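Residue numbers (this note's numbering), protein chains in the order written: chain U, 5 to 246; chain S, 329 to 623. Every residue, glycine too, gets a C-beta built ideally from N, C-alpha and C. Nothing here was measured: the structure is a model prediction, and the numbers come from that model. Everything below concerns the one structure shown next.
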Amino acid sequence: MSSPAFATFRKDLRITRVLWAPMIFSYYVFLLMFMNNVWVYLATGACLAFVAAATALGIDDRYQTEPLFAALPGTRRSLVAGRYLAWGAVTAAGLGLFLAFTVLVHQALGLRTARLASFVSLKGAAAFLVGTVLAGLIYLPFYFRFGFWRGIWIFTAAGFVFSVAGLSVVGPLVPAEACAMTPVSLVPQPFVGTARGLRALTWLIDGYLGRLTVVAAFAAGLALLVYLSYRLSVRFYEKRDL
Amino acid sequence: MEYALGITNLRKEYPGFTLRDVSFALPAGHIMGLIGPNGAGKTTVVKLILNIVQRTAGRIEVFGLDSLAAEAAVKSRTGFVLDEMPFYGYLNIDAIASILAPYYKTWNRGRFEELCREFELPRRKRVNALSRGMKMKLALAVALSHGAELILMDEPTSGLDPVFRRELLERLSGLIQDGRTSVLFSTHLTSDLERVADYITCLRDGELVFSTTRDEILENWALVKGGPDLLDPATRGLFRGVRQSPYGVTALTSDKEEAWRRLAGKDAVIERLRLDDLVFFLAQEESPRLEAWHE
Numbered sequence: 005m006s007s008p009a010f011a012t013f014r015k016d017l018r019i020t021r022v023l024w025a026p027m028i029f030s031y032y033v034f035l036l037m038f039m040n041n042v043w044v045y046l047a048t049g050a051c052l053a054f055v056a057a058a059t060a061l062g063i064d065d066r067y068q069t070e071p072l073f074a075a076l077p078g079t080r081r082s083l084v085a086g087r088y089l090a091w092g093a094v095t096a097a098g099l100g101l102f103l104a105f106t107v108l109v110h111q112a113l114g115l116r117t118a119r120l121a122s123f124v125s126l127k128g129a130a131a132f133l134v135g136t137v138l139a140g141l142i143y144l145p146f147y148f149r150f151g152f153w154r155g156i157w158i159f160t161a162a163g164f165v166f167s168v169a170g171l172s173v174v175g176p177l178v179p180a181e182a183c184a185m186t187p188v189s190l191v192p193q194p195f196v197g198t199a200r201g202l203r204a205l206t207w208l209i210d211g212y213l214g215r216l217t218v219v220a221a222f223a224a225g226l227a228l229l230v231y232l233s234y235r236l237s238v239r240f241y242e243k244r245d246l
Numbered sequence: 329m330e331y332a333l334g335i336t337n338l339r340k341e342y343p344g345f346t347l348r349d350v351s352f353a354l355p356a357g358h359i360m361g362l363i364g365p366n367g368a369g370k371t372t373v374v375k376l377i378l379n380i381v382q383r384t385a386g387r388i389e390v391f392g393l394d395s396l397a398a399e400a401a402v403k404s405r406t407g408f409v410l411d412e413m414p415f416y417g418y419l420n421i422d423a424i425a426s427i428l429a430p431y432y433k434t435w436n437r438g439r440f441e442e443l444c445r446e447f448e449l450p451r452r453k454r455v456n457a458l459s460r461g462m463k464m465k466l467a468l469a470v471a472l473s474h475g476a477e478l479i480l481m482d483e484p485t486s487g488l489d490p491v492f493r494r495e496l497l498e499r500l501s502g503l504i505q506d507g508r509t510s511v512l513f514s515t516h517l518t519s520d521l522e523r524v525a526d527y528i529t530c531l532r533d534g535e536l537v538f539s540t541t542r543d544e545i546l547e548n549w550a551l552v553k554g555g556p557d558l559l560d561p562a563t564r565g566l567f568r569g570v571r572q573s574p575y576g577v578t579a580l581t582s583d584k585e586e587a588w589r590r591l592a593g594k595d596a597v598i599e600r601l602r603l604d605d606l607v608f609f610l611a612q613e614e615s616p617r618l619e620a621w622h623e
C-alpha cells in the first residue's frame with residue numbers, strides 16, 4: 005500500500021482523535037442501556053462502531069476537505085485505500101471495546117447479564133463483525149459515489165429495502181418452530197414476515213455462527229465483498245468531481 | 329524551451345458550462361496569470377490540473393509528464409493554493425501541518441516553521457480563529473514547504489491586505505529566480521499581474537481568448553478613445569470591445585499599429601492598456617460562439 009494511503013489512514017485517525025473519549029463513553033452508556041436484550045445489545049454495539057467509522061467521513065464533509073486531499077500527492081485510489089484501512093481499524097477497535105465491555109459488565113453484574121457471556125466467543129465476534137463490516141462495505145461505495153449525506157440516505161433506504169426483502173427470504177429457510185411468532189403478537193400483519201425472518205436470523209446466528217466452517221465461509225465471503233466494494237469505490241471516486 | 333505546464337485541447341463539460349478545448353503552455357521558470365471575468369473557467373482549469381475534477385477530454389502535461397498517468401509524481405512537485413482552502417477549523421496550524429506533511433516525501437518542517445514565523449502565523453491558533461488572509465498565508469506556507477517546482481494559485485491575493493499582497497508578489501518573483509520554479513495564478517486583481525506576470529492567459533465563457541507574453545499584450549493591445557464618429561464600417565473590425573456613451577467611444581484593439589494607421593486624422597487617442605481594461609472590454613466583446621447563436 006502506498007504512503008498517501010497511509011497518510012490518509014493516519015489523517016482519518018488524527019481528525020477524529022478529539023472525539024475518541026466521548027465516543028467511548030457514549031458507546032458504553034448505550035450498551036448499558038440495552039444490556040438486558042442481547043440482540044439489541046449486539047445491534048447497538050455494531051451500529052455505534054459504524055457511526056464511529058463514519059465520523060472521519062462526516063468531518064471531511066463538514067469542512068469540505070475532499071478537494072484538498074484530492075490535490076495532494078497520491079491518487080484517488082490511494083485515498084480510497086486509506087479510507088478502507090481507517091474504517092477497518094475503527095471497526096476492529098469497536099470490536100475490541102465491545103468484547104472488553106461485555107466482559108466487564110458480565111463480571112460486574114454476574115447473573116443479571118448471563119446471556120451476554122455468550123458474546124465473548126468466536127460467535128459473538130463473528131456476529132459483531134459480520135454486521136459492522138457488511139454495513140461498511142455496502143456504505144463506502146455509496147459514499148464515494150454520492151458523498152457523505154446522499155450516500156447515507158441512499159444506503160439507509162437501500163439497506164431497509166434489502167433487509168426486509170432478505171429477512172422475508174430467510175424466514176421460510178429455517179424450521180417453522182424456530183421462527184414461530186407468539187400467539188398474541190404486537191407485530192402488525194404486514195411486518196409479520198419480516199419479524200419471522202428476524203427470529204430466523206437470530207436462530208441461525210445462535211446455532212451456526214459459532215462453527216468454525218461457517219465463520220470461515222463468512223470470512224471468505226467478506227473478503228470477496230471487501231474486494232468488490234473497494235474496486236467499486238475506486239471506480240466511483242476516480243470519476244467524481246470534488 | 330522547457331515547459332512546466334502544457335495544456336492541450338482541455339475540455340470539461342458541466343451542466344450549463346463548458347470549458348472548450350483550451351490549450352496553452354507555461355515555460356519553466358516563469359509566472360503566468362490566468363485572467364477572465366467571473367465564470368470564465370479559471371478555477372476549473374486549476375482544478376483540472378490538480379485532478380480535483382475530471383476532464384472530459386484533452387491532455388495536461390506537467391514537467392513533460394501526463395498528469396493522470398504520473399499523477400502522484402506530478403502532484404509531489406506541485407504546490408497549490410485554492411480559492412477556499414478547506415482546513416479543519418478545530419485544529420491548530422501545527423496539527424494541520426502534521427496531517428499534510430506525510431503526503432509529501434520532501435516536506436521540510438524547518439522551512440514550514442520559518443514561513444510561519446515570516447508570515448506571522450500563530451502555530452498554536454486554531455484555523456477557525458484565523459482570518460481569510462491568515463488562512464491564505466497558511467495555504468501558501470504549505471505550498472512552499474516541500475520544494476514545489478510548479479505552484480498553482482486560485483485567487484491567492486483576494487482577502488489579503490495590500491502590504492502582504494505586495495510581499496506575496498515579490499516572493500513569487502523571487503521564487504522563479506532559480507529558473508525551475510514556475511507559477512500559474514488566477515486572479516481578478518489584474519494589477520497584481522502587471523507587476524509580476526511574464527505570461528497572461530485570458531479565458532472567457534470557457535474559451536481561450538489568448539495566451540501570450542505580457543510584453544506582447546502591452547505592445548500590441550491598446551485602448552482607443554474618440555468621438556462618436558470613431559465607429560464606422562471601416563474601423564469597426566479593428567475593435568475587440570467597445571463602450572459607447574453620448575460623449576464618445578472607448579474601444580479595445582489588439583493591433584495598435586494598425587489602429588495608428590487607420591485612425592490617422594480621426595482625432596482618436598491611443599492609450600496604453602491596463603489589464604483590468606482588457607478584461608472589462610473582452611467581457612463586452614461577443615464571443616464568436618455567441619455571435620453564431622444570434623445569427
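Residue-chain proximity (residue i, chain U), Cβ-Cβ < 7 Å
i, result
"F408 of chain S", "yes"
"P430 of chain S", "yes"
"L517 of chain S", "no"
"K403 of chain S", "yes"
"E483 of chain S", "no"
"L378 of chain S", "yes"
"A332 of chain S", "no"
"M462 of chain S", "no"
"E585 of chain S", "no"
Under 9 Å by beta carbon: chain U residues contacting residue i
i, result
"E341 of chain S", "Ordered by position in chain U, no residue passes the 9 Å Cβ test against E341 of chain S, which lies about 11 Å from the chain."
"I427 of chain S", "A11, R14, K15, R18 and I19"
"E498 of chain S", "Going along chain U, no residue has its Cβ under 9 Å from E498 of chain S, so there is no contact; the nearest lies around 26 Å."
Buried versus exposed call for residue i [16 or more other C-beta atoms within 10 Å across all chains shown]
i, result
"R542 of chain S", "buried"
"N254 of chain U", "Because chain U spans 5 through 246 in this model, residue 254 of chain U falls outside it and cannot be assessed."
"M329 of chain S", "exposed"
"A162 of chain U", "exposed"
"N337 of chain S", "exposed"
"L177 of chain U", "exposed"
"G555 of chain S", "exposed"
"A57 of chain U", "buried"
"T485 of chain S", "buried"
"V607 of chain S", "buried"
"R437 of chain S", "exposed"
"R21 of chain U", "exposed"
"F492 of chain S", "buried"
Whether residue i touches residue j by CB criterion (7 Å)
i, j, result
"R571 of chain S", "T563 of chain S", "no"
"S582 of chain S", "R568 of chain S", "yes"
"I359 of chain S", "L500 of chain S", "yes"
"A332 of chain S", "S473 of chain S", "no"
"L246 of chain U", "P71 of chain U", "yes"
"G417 of chain S", "R532 of chain S", "no"
"T518 of chain S", "L362 of chain S", "no"
"K550 of chain S", "K584 of chain S", "Note that residue 550 of chain S is Ala in the sequence shown here, rather than Lys. Yes; because the gap between Cβ atoms is below 7 Å, this pair is in contact."
"F150 of chain U", "S237 of chain U", "no"
"L226 of chain U", "V137 of chain U", "yes"
"F132 of chain U", "F159 of chain U", "no"
"A471 of chain S", "F391 of chain S", "no"
"A596 of chain S", "L558 of chain S", "yes"
Per-residue DSSP class, three states only, for residue i
i, result
"I388 of chain S", "strand"
"M462 of chain S", "helix"
"N436 of chain S", "coil"
"A423 of chain S", "helix"
"V124 of chain U", "coil"
"Y575 of chain S", "coil"
"L76 of chain U", "coil"
"K553 of chain S", "strand"
"T2 of chain U", "Residue 2 of chain U is absent from the model: chain U starts at 5 and stops at 246."
Chain S contact for residue i (CB, 7 Å cutoff)
i, result
"Y67 of chain U", "yes"
"I156 of chain U", "no"
"T59 of chain U", "no"
"P8 of chain U", "yes"
"L17 of chain U", "no"
"A56 of chain U", "no"
"L72 of chain U", "yes"
"G78 of chain U", "yes"
"A75 of chain U", "yes"
Within chain S, the residues that residue i reaches when beta carbons sit closer than 9 Å
i, result
"V22 of chain U", "Y418 and L419"
Chain S contact residues for residue i, given Cβ-Cβ distances below 8 Å
i, result
"R203 of chain U", "Neighbours of R203 of chain U on chain S: none; closest Cβ ~45 Å, over 8 Å."
"I63 of chain U", "Y416"
Contact set between residue i and chain U, taken where Cβ atoms lie within less than 8 Å
i, result
"V381 of chain S", "D245 and L246"
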